[in-house]
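Written below as C-alpha cells is the structure these notes are about.
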Amino acid sequence: MKNHLKEVRAERKLSQSQLAEMVGVSRNTISSIETGQFNPAAKLALVLCIALDKKFEELFYF
Numbered sequence: 001m002k003n004h005l006k007e008v009r010a011e012r013k014l015s016q017s018q019l020a021e022m023v024g025v026s027r028n029t030i031s032s033i034e035t036g037q038f039n040p041a042a043k044l045a046l047v048l049c050i051a052l053d054k055k056f057e058e059l060f061y062f
C-alpha cells in the first residue's frame, strides 16, 4: 500500500515526531510508513486519517 503521508504531513507543517505523538506511535513508525517499509494496520491508518483530516483514499492507495 502506498501513501501520501509525507506530503500531507508537510502541508500541515508537522514533523514526524509531532504526528507520531498525535497518533500514539514512534517517529520511526511514521518514517517507515512514509517510505513504504511498513504498512499500518487498519486501526492506525484510520487514526492517521482522523489526525490529518483526510479520507482513507486521500491518504492511502494501491
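Counting in our numbering, the sequence shown runs from 1 upward without gaps.
Think of the CB as a built atom: it goes at the ideal place given N, C-alpha and C, for glycine as much as any other residue.
For residue i, the three-state DSSP class (helix, strand or coil)
i: Phe-62; result: coil
i: Asn-28; result: helix
i: Lys-13; result: coil
i: Lys-2; result: strand
i: Lys-54; result: coil
i: Ala-41; result: coil
Cβ neighbours of residue i in the same chain (closer than 7 Å, five flanking residues each side left out)
i: Lys-43; result: none
Contact set for residue i: own chain, Cβ-Cβ below 8 Å, skip 5 residues either direction
i: Gly-24; result: Val-47
CA nearest to the CA of residue i, picked from the options
i: Asp-53; options: Lys-2, Phe-62, Met-22; result: Met-22
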